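These notes are about the structure you will find just below.
Numbering (full-length UniProt numbering), first residue to last: 1 to 78.
Have a look at this one:
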């Protein structure tokens with residue numbers, strides 16, 4: 001998931017328990033699959049389109065923490 005985040009994650013914006021992730025065209029499903037397979041407890045589920053991915057946090061206000069976590073993963077990958 002770290003490698004794919006670094007390669008595919010363009011941006012992450014949060015609102016309440018939702019996070020909208022932007023990827024290059026055609027890449028959202030790959031990143032969503034990696035997130036789903038990581039089985040992160042904080043993530044209730046994902047929905048992916050072509051270049052946009054919606055993450056749903058289990059916590060009512062957990063979206064920003066998830067967005068920050070995913071952005072850190074993408075930035076810290078070597």
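All C-beta atoms, glycine included, are put in the ideal place defined by N, C-alpha and C. The structure presented is a predicted model; accordingly, all values stated were derived computationally and were not measured.
In the three-state scheme derived from DSSP, where H, G and I count as helix and E and B as strand, residue 35 is classed as helix. Here the alpha carbons of residue 61 and residue 37 stand approximately 23 angstroms from one another. C-alpha of residue 67 to C-alpha of residue 74: approximately 11 angstroms in a straight line.
If you check the CB distance, residue 70 and residue 34 do not come in under 8 angstroms.
Its chain contains 14, 15, 16, 17, 18, 19, 57 as the residues whose beta carbon lies nearer than 7 angstroms to that of residue 63, once the 5 sequence neighbours on both sides are disregarded; these appear in chain order. Leaving aside the five residues that flank residue 22 on each side, the residues in its chain whose CB is nearer than 7 angstroms to its CB run, in chain order, 10, 11, 51, 52.
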